[in-house]
Structures are given as structure tokens and as C-alpha cells.
Amino acid sequence: MNLKEWIFTTDHKRVGVLYLIGSIAAFIVAGVMALLMRLELSAVGPTITSNPTSYNVWLYAHGAVMILGFQIPALTGFFANYCIPLMIGAKDVAFPRVNALSVWLFYVGIVLALLTFFVPDPPDVMWTGYPPYSTITTGNTALYTFTVLILGFASIIGGVNFLTTIAYMRAPGLTWNKLNIFVWCTLAAFVLQLIFVPVLGTAVTLISMDKYLGTHFFDPTRGGDVLTYQNLFWFYSHPAVYVIFLPFFGVLFEIVATFAKNRVFNYKAVVFGGIGGIVLLAGEVWVHHLYVSGMVDWIRVGQMVTTLLISVPVGLMLIGLVGTLYKGSITFETPMLYALGVLFLFLIGGLTGIPLAVTSLTLHLSDTYYVVGHFHYVMAVAGTFSIFAGVYYWFPKMTGRMYNEFWGKLGFWITFVGTNIVFWTMMDIGVKGMPRRYYDYAHFAQFEPAHKLMTIGAVILGVGFAIALLNWIIGAIKGKPAGNNPWGSMSLEWTTVSPPPHGNWPSPPSVSEEWTPYAYGRR
Amino acid sequence: MNRKLKHWAGSALIALLSGGVIAAAAAAQSSEAVSEAGGKSLVQYLQKGEGRITDPAPGWDYLWTEVIIDITVIGILFALMTAYFIWRYRRVPGGPTVGSGPTLSTAAAVGWVVIPTFVFMADDFFIAANGWVLWNKYRDVPAERLEVQLESGMYSWDYTYPNGARTQNELIVPAGKPVLLRMTSRDTLHSHFIPDFRVKEDSMPGRVTYLWFLPREAGKEHVITCAEYCGVMHSYMAGRVIVKTPEEFKAWYDATGDSTRKSS
Numbered sequence: 000m001n002l003k004e005w006i007f008t009t010d011h012k013r014v015g016v017l018y019l020i021g022s023i024a025a026f027i028v029a030g031v032m033a034l035l036m037r038l039e040l041s042a043v044g045p046t047i048t049s050n051p052t053s054y055n056v057w058l059y060a061h062g063a064v065m066i067l068g069f070q071i072p073a074l075t076g077f078f079a080n081y082c083i084p085l086m087i088g089a090k091d092v093a094f095p096r097v098n099a100l101s102v103w104l105f106y107v108g109i110v111l112a113l114l115t116f117f118v119p120d121p122p123d124v125m126w127t128g129y130p131p132y133s134t135i136t137t138g139n140t141a142l143y144t145f146t147v148l149i150l151g152f153a154s155i156i157g158g159v160n161f162l163t164t165i166a167y168m169r170a171p172g173l174t175w176n177k178l179n180i181f182v183w184c185t186l187a188a189f190v191l192q193l194i195f196v197p198v199l200g201t202a203v204t205l206i207s208m209d210k211y212l213g214t215h216f217f218d219p220t221r222g223g224d225v226l227t228y229q230n231l232f233w234f235y236s237h238p239a240v241y242v243i244f245l246p247f248f249g250v251l252f253e254i255v256a257t258f259a260k261n262r263v264f265n266y267k268a269v270v271f272g273g274i275g276g277i278v279l280l281a282g283e284v285w286v287h288h289l290y291v292s293g294m295v296d297w298i299r300v301g302q303m304v305t306t307l308l309i310s311v312p313v314g315l316m317l318i319g320l321v322g323t324l325y326k327g328s329i330t331f332e333t334p335m336l337y338a339l340g341v342l343f344l345f346l347i348g349g350l351t352g353i354p355l356a357v358t359s360l361t362l363h364l365s366d367t368y369y370v371v372g373h374f375h376y377v378m379a380v381a382g383t384f385s386i387f388a389g390v391y392y393w394f395p396k397m398t399g400r401m402y403n404e405f406w407g408k409l410g411f412w413i414t415f416v417g418t419n420i421v422f423w424t425m426m427d428i429g430v431k432g433m434p435r436r437y438y439d440y441a442h443f444a445q446f447e448p449a450h451k452l453m454t455i456g457a458v459i460l461g462v463g464f465a466i467a468l469l470n471w472i473i474g475a476i477k478g479k480p481a482g483n484n485p486w487g488s489m490s491l492e493w494t495t496v497s498p499p500p501h502g503n504w505p506s507p508p509s510v511s512e513e514w515t516p517y518a519y520g521r522r
Numbered sequence: 000m001n002r003k004l005k006h007w008a009g010s011a012l013i014a015l016l017s018g019g020v021i022a023a024a025a026a027a028q029s030s031e032a033v034s035e036a037g038g039k040s041l042v043q044y045l046q047k048g049e050g051r052i053t054d055p056a057p058g059w060d061y062l063w064t065e066v067i068i069d070i071t072v073i074g075i076l077f078a079l080m081t082a083y084f085i086w087r088y089r090r091v092p093g094g095p096t097v098g099s100g101p102t103l104s105t106a107a108a109v110g111w112v113v114i115p116t117f118v119f120m121a122d123d124f125f126i127a128a129n130g131w132v133l134w135n136k137y138r139d140v141p142a143e144r145l146e147v148q149l150e151s152g153m154y155s156w157d158y159t160y161p162n163g164a165r166t167q168n169e170l171i172v173p174a175g176k177p178v179l180l181r182m183t184s185r186d187t188l189h190s191h192f193i194p195d196f197r198v199k200e201d202s203m204p205g206r207v208t209y210l211w212f213l214p215r216e217a218g219k220e221h222v223i224t225c226a227e228y229c230g231v232m233h234s235y236m237a238g239r240v241i242v243k244t245p246e247e248f249k250a251w252y253d254a255t256g257d258s259t260r261k262s263s
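Protein sequences, first through last, are from chains A and B. Going by numbering that gives the first Met the number 0, the letters in the first sequence line up with residues 0 to 522, in that order. Going by numbering that gives the first Met the number 0, the letters in the second sequence line up with residues 0 to 263, in that order.
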């Protein structure tokens, strides 16, 4: 294995692994930021730093790196790259060199994001970068702008690549209705990325133009409007939630179908009702992030209804997922444990989103820890658990080796407990009024015990994740050989050798009339 | 077949019972909000206010309880069903090693889309309708009110009363009279959040936003805090609503016309 082969690789599997390594590195950095914040908040008053700016930089880095550096690249970079060509029986992606460009752009973005810790004036604008603060702060807003632009660009060219690959490179006989749910989900996620990333790019570019080039897009004294930015930002960043949600739900479908040895319940409803419904609704709900921002009343009420309606496609997907368990033959290896854990975490996260859809309730709940707890449940933790589930699931395929089952399960239970300690407590004190993004909470000192409890929970969570990461490293080096199809899955990626060679198959695969990725136990 | 039926009936019963217990517990906890609302439905409470002011804050507690009961019941039902499937269809030695999930007929497949869709939408519209009624109360400011101008800045709340009196970080109000804040900002975004009154709204340069609330008990103080990230000292941007009796307030108000009162 030489380094040059990896740097100049155009093989989709190696590109995928590079994405995985980069995003896990980002996850570790952002996770350490979270631990630092929790330590800071463990008591009223300054604890580990007396400088609020340090805390604000950690907060910025935690949000921006987790979303832009970990979740989106892991889901639409690693999983899409590694699995899609294998799942559709293709030799590689449509544009392998563009693919290599996309992963190296991603690394440039990660390096830019990490520069936060080395420049003298790190950005402290939160991952949202709202003006006017982002245009008057002494922090380096340009670093934020360019991080977003580079990562966005990587994502866009990845999107073009995968849409082409899925449309034109499916194996003979693999019709649209036989695609893995994961492939559908990723397709939908990339459609959303292609539509909405340019809007985010525009928004963050205008911010830096305002700050450094003297324009006045967001300056009301010269005819600008501060609300425009928030609209542009969330017009992308709400669909971005579905860019994370869809692929991670796709991963869950693959895992649940495999470990229940069962066909997906009501496949077409999941694809056209669930995934299709989310794509249709994704762009009409962003104002729920602006319920207290001073938007006109009628649009707040209108988007309350569209936001509540998101429950329909999401509900259809959940029914499909739980229905897949029905009459299955379920085994509980580590990937399945994580996947089932997500079912419950996502249920809590999704349902606690309903009060936040209601404009009048949000007048109290907005910008409190309730929101933070909710979106960690529904997106951050559910997404991260799914990524861990997926890495465990495809681990034998990637490495040809098996991880340690005992440590895998132990890691899951520790993280599951830690998660609920942290984020349940968070929602509880949020309802009682604890605002988010606070370095100190002198006038909410009654929440100190809850903050202590969350700090303990965060440490537990960190231990659980560390166990999983170590398990992968040790498994990749000296795990037992796993065989080509350790889970007995029907899906195409398991029909080739592990790890698959360059070109994936000795001869191009084709699929039969009766085959689907979930055709278990056909009578 | 009979055994299967029992399984279904059993799990449905467990689900309903536990949902009911949770709902009852939540309802008991909210008895305060309910008695505030006169034991009537939210809509009835909000609509009755003849000749008196309808305070949205108890309405908030009422709607919150209603939505929490709603989502708790859905959550428990769904979680129990999932847990039951996980337990019931686990692989057992000697049992089937592949699943036998149903292949749905077209009618069944459509039914599994249409019926859940209608159920979800019914619940969505129910919640949305209640949310809208409460929303209107939050946004319709009673005509008889104390109107205070608020300019927020890094990192203070500056209030100006109709007679020119000014305070900083202390919003002094009479009990029983609605208070309307017309808000703007001289630098970045801020959000005037009073947890006790269940209300917040951002202030920003270039636009005027508003919120109102009804202080009820004289002698009480309520925390004001900034809920929109506004810079380094964001977490220290706090103030107090100080509720006085109407007489005390009048005395203070008459004594402070056009003067500037700075608080510590």
C-alpha cells in the first residue's frame, strides 16, 4: 500500500475511504469542542476559560465542523462513494477524476475549518453567521465564508457525479424500482444539494462582500436588510437537514432489511411518498427557523402548516422502516443495535419537533436548550448513530475483516445512555427557559445541577464513541477475516469479494427478473 | 390465527393503557394551566375574554400541555409497536431464518399511504388550528396598554417610556396592564426573551418588531435574557421586569418624566 496510490486514486472506494478518514477526523475535533463546552458549563461562572470568545469559537467550530465537515461528507461523501457504484453494479462512478477533485476539495475545506484554531482572529459567528454581527466582529468571517464555499463546491460536483452515475450506470436488469432505498435517498439528497447549495454560497459570499468590500446587502442604514441573510441561509440550511436525514435513513433501511432478512415494507410508498414528499416539502418550511426573527405574521402561520405537514412523508418512511421488522427474522449484531437505537432516538427527536413547528409555542421555545436538545436527537445524534451503524455494517466489506462484536455492543450501550442523559436534560431545562449559546448562566443558576449532569453525560458519550473508533482501528488491522457476505444480505455490494478490487467485479454483474435487494424468502 | 390475534390485541391494549397513563400524568401536571383556562378548551378560553384581556401566557402552557400529550401518546404507541416487533420477530433457534413480510396488493399499498396520511394530516391541522388561535392572541395587542420603546445594543436593554423616562435593563411596569414593546437595535441582532411570560422576539437594526405581555402580580421580578447570539458578552445580557402596583408605578412614572435613570 503506497501513499501515492491513495493520493492520486480515482477509485470510488478509495475516494470513499478518504472521505471517511477526513470526516472522522472532523468528528473527533468537533467532539472535543463539545466536551470543552460541557466542561466550561459544568458550573456557573468561568471554569476552564475566562474568555467568552474561546467558548464562542468552540461553539462555532462544533456546529460548523459537525455539519459541514462530518455529517454531510460522511453521508454523501463516504457512504455515497463507497456504496452506490457497488449497489447498482457499476465499475466506478461516471466521472472518477471529478470524484477525486471533490474529495481533495473536501480536504481543503477541512484544513480551512481547522485553521480556526491557528489564526489569530478565529471566526466566532456561530455556524449560522448571522449579520450584522458577522460583518462587525473582529473574528475572521472570511475563513467561515471560504470554508462553506469550498465544502459546498465539493458537494455540488459530487452531486452531479452521482446523479449521472445512478441514471446511466445501473447494471442490466436493475430497474428504478429495484434500487436500494439508500440509493434513492442519496439521489434525493443530491437533488436537494444541487438546488439549495448555491443559495448558501450566495449568502455567505454576500457577508464577506459586506465586511471586506464595502457593499451593503445587509446594512439597513444603506438600504440593505438584515433579514435577507437569515432567509437565504435557512433556505439552504433547512433542506440541509434533509440532506443529512435522507441518507442516514437510507442506511437504516439497508441495515434493518438485512438483519431482519425481510423485504422493505411498502417500498413504493417509502420511495415516492416518503423520499419524494420530503424533496417536495423541503424548500417550503425554512421560516420555522425565523419564527421570532421579525418576519411578517402571515408567512409564519403559513409555514407552520407546511412544517407540520413534514410529518406525513417522515411518518411514511418510519412506517416503512418499522414495517420491515414485521414478520422478520431479526438478529442483533452491532450495526442493527445502532439502527434500532436510532429508531427510538429519532422518534423522540421527531416528535419533540412538533411543538417547534407551532409558531405560538416557538415564541417561548425558540433559541432555548429545548431546540438544541431536539435537533441533537433528530439530526445530530440520530445521524451520527446511523453513520456508526453504517460503518459497522460495511466494515467487513471495506476491510475484509470483522470488528469485535463485544466491544461494538458495549460502545453502543454506553453512547445510547450518554446521549439520553445529555439531550433529555437539555430539552427539560430548555422548556424552563435556559437560552442557548451561553458561555455563562449567572442569571439561570438554578440549572447548575442539570448542567453538571449533562457534563457527566457528555463524558459518557465520548467514552462510547472512543470505544467504537478504537474497535474499527483494531478490527481493520487484526480482525478475523470476514468472508464476502457475513450478514447474508441480498444487496449487490455483497456479491463481490471483500474488499472489492479496482473495477469492483471481474465481469459486469446483471440481475434477474425476480431479484431485488430485499428479495428474502420469496415463496 | 387465533394466537396471532391475541398477540395483536394484547399489544394494542398495552399500548393504549400506557399511553393513557402517560397522558393522565401529563394532564395532572398541567392542572394549573387548565384551571387558569377555566377548565375549558384552549379555544374557549381564548375566545371568551369579553371585556377583559386574554393573557397569552397561560394559553401557551395550555397548548404546550395539549401538544405534549398528543406527541407522548403517538410516541408511546409507536415505541411499543416497534419494541413488540423487535421482541416478537427476533430469530429463535429452530425458527425461520428469513423473513416473510407481506407483499402488498395495490389496494393495500395505497391504503398504507392514504390512511396514515389522513391520520397525520388530521393531527397536524388540529395542532395548527390551535396554534393559530393562540398566535392571534400573541399578535393582537390590547388597545389599552403601556407602550415602551426598546433599543437593544451590545450589551444592554434601553427602554424609553411615553413620558420620556428611560431605564436600562430594568423594565418597570404596573400590574394588570398589558405592556407593548416596540423594539429595534443599534448594532447586532438581539432577542428580548422573558421566560416567565413565554414570549420573545428579535430586535434588529432597520426594522421595528414588537411583543406584548401581561404582568399580573405586583412585587414580582422576572428575568429578561438575550436569546439571539449577539457577541462576546451575549450570556451576560440580562435584565429584569419589575412589576409594581398601579399606584407605585404611577408615583415612579410621574417622578421620572424626562429624566434618565440608570440601573446598576
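Glycine included, C-beta positions come from ideal geometry on N, C-alpha and C.
Quiz prompt | Rounded separation between Ala467 (chain A) and Val278 (chain A) - CA only | solution = 33 Å
Exercise. Output the boundary residues of the beta strand (DSSP E) element that contains Met182 (chain B).
Key: Val178 to Ser184
Quiz item: Within 6 Å: the Cβ of Ile353 (chain A) and any heavy atom of the ligand SAH?
Solution: Of the ligands one can find in the structure shown there are none, so the ligand SAH has no counterpart to examine.
Quiz item: What does Leu350 (chain A) reach in chain B if we use C-beta pairs closer than 7 Å?
Solution: Ile70, Ile73 and Gly74
Quiz item: Which value, in whole angstroms, describes the spacing of the CA atoms of Thr244 (chain B) and Val178 (chain B)?
Solution: 14 Å
Quiz item: Does DSSP put Arg13 (chain A) in a helix, a strand or coil?
Solution: helix
Quiz item: How many Å lie between Leu149 (chain B) and Leu67 (chain A) at the Cα?
Solution: 37 Å
Quiz item: Hey, is Gly429 (chain A)'s beta-carbon within less than 7 Å of any beta-carbon in chain B?
Solution: no
Quiz prompt | Contact set for Gly340 (chain A): own chain, Cβ-Cβ below 6 Å, skip 5 residues either direction | solution = Phe384 and Phe415
Quiz item: In the structure shown, what three-state DSSP assignment does Ile171 (chain B) receive?
Solution: strand
Exercise. Compare the C-beta of Glu150 (chain B) against all C-beta atoms of chain A and say whether one is closer than 7 Å.
Key: no
Practice problem: Measure the Cβ-Cβ separation of Lys350 (chain A) and Gly100 (chain B) and say whether it is below 7 Å. | Solution: Sequence inspection shows Leu at residue 350 (chain A); the Lys mentioned does not correspond to that position. Their beta carbons are not under 7 Å apart, which means Leu350 (chain A) does not touch Gly100 (chain B) by this criterion.
Quiz prompt | Same chain, Cβ closer than 7 Å to Tyr519 (chain A), five either side skipped, listed in chain order | solution = Lys260, Asn261, Arg262 and Met489
Practice problem: Anything in chain B within Cβ reach of Arg436 (chain A), meaning under 7 Å, just list it in chain order. | Solution: Tyr228 and His233
Quiz item: Residues of chain A with CB under 7 Å from Phe84 (chain B), in chain order?
Solution: Val321, Leu324 and Tyr325
Practice problem: Within the same chain, show all residues whose beta-carbon is closer than 6 Å to that of Asn265 (chain A), passing over the 5 residues directly before and after it, in chain order. | Solution: Gly319
Quiz item: First and last residue of the alpha helix (DSSP H) that includes Arg87 (chain B)?
Solution: Pro55 to Arg87
Quiz item: Tyr167 (chain A) by DSSP, collapsed to three states: which one?
Solution: helix
Quiz item: What three-state label does DSSP hand Glu332 (chain A) in the structure shown?
Solution: coil
Quiz item: In three-state terms, what does DSSP make of Arg90 (chain B)?
Solution: coil
Quiz item: Should Trp155 (chain B) be flagged as near chain A, meaning a C-beta pair shorter than 7 Å?
Solution: According to the sequence provided, residue 155 (chain B) is Ser. The question's Trp does not apply to it. No, because no Cβ of chain A sits closer than 7 Å to the Cβ of Ser155 (chain B).
Quiz item: Whose Cβ in chain B lies nearer than 7 Å to the Cβ of Tyr519 (chain A)?
Solution: Val97 and Gly98
Quiz item: Buried or exposed: which applies to Asp439 (chain A), given that a residue is buried once 16 or more other Cβ atoms fall within 10 Å of its Cβ?
Solution: buried
Quiz prompt | Positions along the stretch 110-131 of chain A whose CB lies within less than 9 Å of some CB in chain B | solution = Asp123, Val124, Met125, Thr127, Tyr129, Pro130 and Pro131
Quiz item: Pairing CB atoms from the stretch 87-106 of chain B with CB atoms from the stretch 318-334 of chain A, are three or more of them under 8 Å?
Solution: yes
Quiz item: Of all the CB atoms in chain A, is at least one closer than 7 Å to the CB of Lys265 (chain B)?
Solution: Past the boundaries of the shown model lies residue 265 (chain B); chain B is included only from 0 to 263, so the question cannot be answered.
Quiz item: Where Gly93 (chain B) and Ser328 (chain A) are concerned, what is the direct C-alpha to C-alpha distance, given to the nearest angstrom?
Solution: 11 Å
Quiz item: Just how far apart, CA to CA, sit Leu355 (chain A) and Met303 (chain A)?
Solution: 9 Å
Quiz prompt | Simplified DSSP state of His189 (chain B), which is helix, strand or coil | solution = strand
Quiz item: Rounded to whole angstroms, how far is the Cβ of Ile353 (chain A) from the Cβ of Ile126 (chain B), which I believe are closer than 8 Å?
Solution: 7 Å
Quiz prompt | Through-space distance from Val430 (chain A) to Leu360 (chain A), alpha-carbon basis | solution = 10 Å
Quiz prompt | Residues from the stretch 20-38 of chain A in contact with chain B, defined by Cβ distance under 9 Å | solution = none
Quiz item: In this structure, does DSSP put Asn1 (chain A) in helix, strand or coil?
Solution: coil
Practice problem: Report the three-state DSSP secondary structure of Gly152 (chain B) (helix, strand or coil). | Solution: strand
Quiz item: First and last residue of the beta strand (DSSP E) that includes Val240 (chain B)?
Solution: Ala237 to Lys243
Quiz item: Got a sec: is the Cβ-Cβ distance from Asn261 (chain A) to anything in chain B below 7 Å?
Solution: yes
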